[in-house]
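Protein chains in written order, with this note's numbering: chain A, 37 to 269; chain B, 12 to 109; chain C, -4 to 326; chain D, 249 to 806. The beta carbon of each residue, even a glycine, is placed where N, CA and C say it ideally should be. What follows is a short report on a single structure.
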Amino acid sequence: MREPDAHDAHDAHGTAPAGAAVHPPHLAHHFKTLEQQSESVAFGVWLFLATEIMFFGGLIMAYILYRIWYPHDFAAGSHLLDIRMGATNTVVLITSSVTMAMAVWAAQVGRARTQVVYLVLTILLGSTFLGIKAIEYTHKWHEHVVPGPHFAWHGPDAPHVRMFFNLYFTMTGLHALHMIVGIGLVAALIPKCWKGRFGPDYNHPVEGTGLYWHFVDIVWIFLFPLLYLIGRH
Amino acid sequence: MAAHVIPPRVYLTVFTILLVLTAITVWVAFHDFGPLNVVIALAIAGIKSTLVILFFMHVRYSTRVVKITAASGFIFLVILIAFTLADVFTRGKLVVGK
Amino acid sequence: MFRTDFPLFPEQASTLAKEVDSVFLFGLGVAVVFSLLIAALILFFAVRYRRRAEGDVGQPGHAPAVLEIVWSVVPLCILLFMFAWGARVFFHASRPPADAEEFFVVGRQWMWKFQHPEGHREINELHVPVGRPIKLTMTSEDVIHALYIPAFRIKQDVIPGTYTTTWFTATKPGVYKLFCAEYCGAEHSLMSGRIIVQQPQEYEQWLYGAKGQQGMSLTGAQLFDARACNTCHRPDSDARAPYLQGLFGRQVALLGGKTARADEDYLRESILMPASKVVAGYQPIMPTFKGQLTEQDVLELITYIKSLGSAGQAPAGREAAGGAAPGGKGR
Amino acid sequence: MNAHAGSHESAAAAGAAPAAGAAPDYLNDGYGIKSWLLTRDHKRIAILYMFSVTFFFFLGGLMAVLIRLELVTPQGDLVQPDMYNRLFTMHGILMIFFFLIPGIPAVLGNFLIPMMIGAKDLAFPRLNLASWYIFSLGGLFTLWSVLHGGVDTGWTFYTPFSTTFSNTYVVTTALGIFIAGFASIFTGLNFIVTIHRMRAPGLTWFRLPLFVWAHYATSIIQVLGTPVIAVTILMVALERVFHIGVFDPAQGGDPILFQHLFWFYSHPAVYIMILPAMGVVSEIVAAFARKRIFGYRFVAYASVGIAVLGFLVWGHHMFTTGQSAYAATIFSVLSMLVAVPSAVKVFNWTATLYKGSISWETPMLYALGFIGLFTIGGLTGVMLATLGIDIHVHDTYFVVAHFHYIMVGGAIMGYLGGLHYWWPKMTGKLYPAFWSKVSALVIFIGFNLTFFPQFILGYLGMPRRYHSYPPEFQVLNVMSSAGATVLGVGYLIPMIYFTWSLRYGRRCAPNPWGAVGLEWQTASPPITQNFAVEPVVTTEAYDYSAERVRAAQEAGRA
Ligand code: HEA
Ligand code: HEA
Ligand code: CUA
Ligand SMILES: [Cu+2]
């Protein structure tokens, strides 16, 4: 559903209308040309990403407001985040974006094995990101800043620090969820790549997934400075 | 096929720039530029995401509607934030007795 | 019991009512004129140009740009005029006059608590003198409510965690309905009350008839002692906390370089969440009083602090203009 | 828009003659439940949606009936206050999120857009089907909540009442709305891509029917606005379950932030509800005045203008909530601006009637009703946007009357007009003309009787969401309840004759109205592929020249 699949079966409606005799195998019945189809898919994915921007936007709005209201508490909360892990994760995710871009490139030039290699790399990097995130989450648990009954903060204004961590966990949690979905989408591509389905003519599933993956990367590019880099000096 | 195939060389260049920018943003965070810290951090994030959008996501080579779509998400987000903050910053500011 | 007589227009009982009604009547006029115009044109055309024969078609008309401009610009001008007029009334309604007497209102599910500046408390009922501007400073103990007095044409949401204000000058003695206009739960429709507007003498009588009441600032002062605020907030030079005299209305320098204006919200926050805005030059040692003081207590404390003088009308011997801190500590 | 003489005639001929071609119409292209539930045909999906939204409409209507019954007397005697609060909440939620927002786009838009642009289907047929399933899933969550006792927060979910005080099924309902929101997003996304990429040769932007323009504008809002309500409602759910505190003043959160986020979507959402109806009205007025819509380009731009400007005015729901007075001023002036494109539309429709050839068929009656009632609703909206007036009438029945005038008098009139106009297209059957005119009249009268008194009540100061009220408001309330009964009957009549017509209705000609839209150039009901031969368009939209109309009528009779 992330990647609106226009790859509809074209046999559903019985007899194809006259004149549609030269319908390439990857072309859904209601499109006229492969180009029309792949442009539609890319455009569709982009619209979906615009939606996603607004989705994260609501949270970012809340975050900005409270950060303006409670600067010290947010800085105090932020200091507890491990900047090395955050930075490492940024690098990991950017690298995964490159491997994803390379996978799309490999599809465009029709190299099946290369595609698979890059997609596997992307999955590995994505998993690394999630692994590091999981370690961070456990640290936070031991530091008693995970929202819930376990939360404990020994400083002034615990509620506002808790607000920081609530937002931190909601935002990074939703981001991680998107990562998981992304890994699933990439994994779903691999069998088809292996069989050499994608080439110069037909590669929009890879491209669409790639767009999604890069978007998730962009979200992190913003989350990292917003969450980790407050008042460090 | 979004016809244009971007050579891997471009990806590697962008990748390098992204890494450098990440390093800069971390470095900046540990130095005090006053209120500029936030501005710099967000500006760098903006540049990084623009690079990703233009090259990794091929928007530089895409049709106009895709460009507009990509931009519109951010524009409407800015509208949401700007108007809401316009309220928050001026709340309770109406001076008594004027 | 079915009433056959019913009002079509609400009573006007405040200075604001006339203003609101004038804009309203203007808006209504615009609405009626344009609705009738459109309806008349539609009906006229639909009859006049009804289809007479099966194969008839309309006469293709050319749309002159002038026409489009006219029917965009004319409504636009009317609209901007309405906006400007409405905004004027609104600003008038949002800015209490400086000499308004301040009453306090606390809303909670599902009742209204009022307190007069002299300290008298009422529930679901408020006595006010006619002809004097009255400012209501309001907060809520639970959810959002809204104080609505139709005859005065005022309405303002009452929000937990912050203060909102509204004001009115009643013009006619009488009893007026008070509603809660913001949905607040099961008995939202029963959260109503009365505003009793009296002649000033009557009002004074009523006030002094209400026995055993003392001024809010006095109860506030007692609380200030009872809660040991005065152990830190003292006038002497080795006090651990800023002296609060002349504080109200001033710009306060905060830790971290920002400043804040010491209004009601600031005072409230300073008492309930002291660490969120720490005064420059002090340690954040003030304990939070959240959960220990009722909204009522907080209001009384605030009234007391305000009674200690405010910026611009500082008590003798201290100057507010220079910003020099009482007790020599930097602010 | 239409196919020009040469090629469209071949299309019409091929499609129109059921006997001539091999392809069966879409209703007969496969039978059985599976052929419906797994269909990817936009027309069948539209029908699925039609059943869903009709169901939700009557459920919401039933609650309206109970609301009006309760309000016959000033005391709260029919139901408990708790129950009353659930009734209006569920009424609002069902009507808005499950009836009107999907209503016209997912039913009429879904059915017609591909045909109007000469395409075989929407760009993403599977996504289209998925969106119906997603919508149904959201509906099930909401129904589950209704059956277990419902929600009592008002459809606006204001915090902190909804997050910390209500003890009803807020989370499940919120989830229902969250899920249904994605259906709306996917529909919008599908439309945008389709309109951009799938137009028939020769069909340039300014040859598109205004119905398509209106849906294009609507889709922009669906795509950019809906995610914000999704995340907001998600935060409400998180707040209820994990107490994340973002909207809870007790934890330093700001309840007004919730209102900003909520209205950032929900104001534009009112245009999701009205723009498609405006599109319908443009089609009907052109077809029954046999005239090109006056100022076509201005009407087209007005749709997009409303959609974009509509994002800048949300604060007008918050004038008295403690929002800053400066922000309120900005929002007020912007609200005034958004009324201008609406005015442009109303004037252009009216001007279209001038020297038209107007026939008083049922769809036209509904469309004219729309124009009148929308004008009243819109002008009272402008009064609400005037700051000085809103302090008095905010959260009173004046507001209730305003939005019912637009949504019931406007949008539903538009929807019903559209159904009556395209019913022969969708089903190939005719409904009884007499009864349909009666229904239009009954609905118009019942509607005004129901909601006009509410304007007066509102200005008198009767707050909304009131289970009981002071006795002096009774007469007007009784009038309103009486009107609602008439209105309810009015809605039942079409329900009956539409159902009747499915079985017993006369088979209609492919083009019973002699309309020239591309959707009328093919069989009624259309074949699965819509057109046997891809149409080529060489003329402007609404080319109601005498020859075209005669040709259309002849082809129609064939
Ligand atoms: C389909 C739905 C729909 C539509 C289209 C509109 C359209 C408009 N609405 Fe409405 N509105 C609602 C649905 C809708 N509204 C709902 C549901 C609520 C209540 C929500 C809740 O709290 O539960 C509401 C509430 C609401 C409020 C808040 C009231 C309050 O709670 O205090 C306001 C305030 O500004 C407002 C304004 C407007 C305006 C200015 C328009 C404009 O777009 C109207 C423009 C149209 C015209 C102006 C008419 C045509 C013009 C002419 C004929 C030309 C002549 C014109 C002039 C000379 C001015 N609306
Ligand atoms: C699309 C949106 C839509 C529609 C179509 C309607 C339709 C109707 N609405 Fe509603 N309404 C809202 C959206 C809508 N409403 C919203 C958003 C609110 C605010 C909720 C809130 O405050 O949170 C609201 C609130 C609202 C109130 C205010 C409640 C309050 O504040 O206390 C009232 C009161 O009269 C009302 C009445 C009606 C009536 C009489 C109809 C009629 O048009 C309904 C007609 C339909 C039927 C009657 C059903 C069909 C017929 C039958 C089932 C047959 C049997 C019936 C009879 C023979 C009588 N509505
Ligand atoms: Cu209190 Cu409604
Ligand atoms: Cu609105």
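- When 7 Å is used as the limit between beta carbons, C:Ser17 is near no residue of chain A, the shortest such separation being about 38 Å.
- The C-beta of D:Ala688 comes no closer than 8 Å to any C-beta of chain B.
- Under the criterion of beta carbons closer than 8 Å, D:Gln499 and A:Met138 do not qualify as touching, at roughly 46 Å.
- Taking 8 Å as the threshold, the shortest C-beta distance from D:Ala422 to chain B does not fall below it.
- CA-CA distance, C:Gln287 to B:Asp98, rounds to 31 Å.
- Taken through DSSP and simplified to helix, strand or coil, D:Tyr669 comes out as helix.
- Proximity to C:Asp258 across C:Ile266, C:Thr214 and C:Val68 peaks at C:Ile266, based on C-alpha coordinates.
- Of the candidates D:Tyr464, D:Leu342, D:Asp643 and D:Ser300, the residue whose Cα lies closest to the Cα of D:Pro524 is D:Tyr464.
- Between the alpha carbons of C:Arg127 and C:Thr164 lies a gap of roughly 5 Å.
- Proximity to D:Leu621 across D:Ile654, D:Met612, D:Ile637 and D:Pro589 peaks at D:Ile654, based on C-alpha coordinates.
- Comparing C-alpha distances from A:Glu88 to each of B:Leu30, B:Gly84 and B:Thr33 shows the shortest one belongs to B:Gly84.
- When distances are taken from the beta-carbon of D:Val518 to the heavy atoms of ligand 4, the shortest one is below 7 Å.
- Taking a contact as a CB-CB distance under 8 Å, the pair D:Leu750 and D:Lys677 counts as one, their CB atoms being some 6 Å apart.
- Cβ contact annotation for D:Met674 (same chain, cutoff 7 Å, sequence separation greater than five): Phe359 and Pro773, in chain order.
- In terms of Cα proximity to C:Arg148, the closest of C:Ser89, C:Gly180 and C:Pro195 is C:Ser89.
- Contact residues of the segment 85 to 96 of chain A toward chain D are Ala86, Thr87, Glu88, Ile89, Met90, Phe91, Phe92, Gly93, Gly94 and Leu95 (C-beta to C-beta distance below 9 Å).
- It is roughly 13 Å from the alpha-carbon of D:Thr420 to the alpha-carbon of D:Glu487.
- Only Gly251 from the segment 243 to 262 of chain C bring a Cβ to less than 7 Å from some Cβ of chain A.
- Secondary structure note for C:Arg103: its beta strand (DSSP E) is the uninterrupted segment Glu96 to Arg103.
- When beta bridges are read from the DSSP output, C:Ser9 appears opposite C:Ala165.
- Secondary structure note for C:His122: it is in no alpha helix (DSSP H), and the uninterrupted beta strand (DSSP E) holding it is Glu120 to Pro124.
- A buried status is given to D:Ala555, since no fewer than 16 other beta-carbon atoms sit within 10 Å of its beta-carbon.
- DSSP places C:Lys130 in the strand class (E or B) of the three-state scheme.
- Contact annotation: D:Ala599 and D:Phe542 have beta-carbon atoms nearer than 8 Å.
- Note on C:Cys224: 16 or more other CB atoms within 10 angstroms of its CB, so buried under the neighbour-count rule.
- In this structure, C:Glu177 has its beta carbon less than 7 Å from a heavy atom of ligand 3.
- Chain order gives no chain C residues near A:Asp237, where near means a beta carbon separation below 9 Å; the closest approach is about 47 Å.
- Take the alpha-carbon of D:Ile341 and the one of C:Ala181: they are about 18 Å apart.
- At a cut-off of 8 Å between beta-carbon atoms, D:Arg292 makes no contact with chain A.
- Here D:Val484 is not near D:Thr404, since their CB atoms are 8 Å or more apart.
- One Cα belongs to C:Leu173, the other to C:Leu262, and the distance between them is close to 29 Å.
- Counting the other CB atoms within 10 Å of its CB gives D:Gln722 a total of 16 or more, which places it among the buried residues.
- The beta carbons of A:Tyr102 and A:Phe110 sit closer together than 8 Å.
- Non-local beta-carbon contacts of D:Thr337 in its own chain, meaning distances under 8 Å to residues more than five positions away in sequence, involve Gly398, Val399, Asp400, Thr401, Gly402 and Trp403 in chain order.
- If you draw a 10 Å sphere on the C-beta of D:Ile281, you find fewer than 16 other C-beta atoms in it, and that means exposed.
- With a threshold of 16 other beta carbon atoms within 10 Å, D:Ala771 meets it and is buried.
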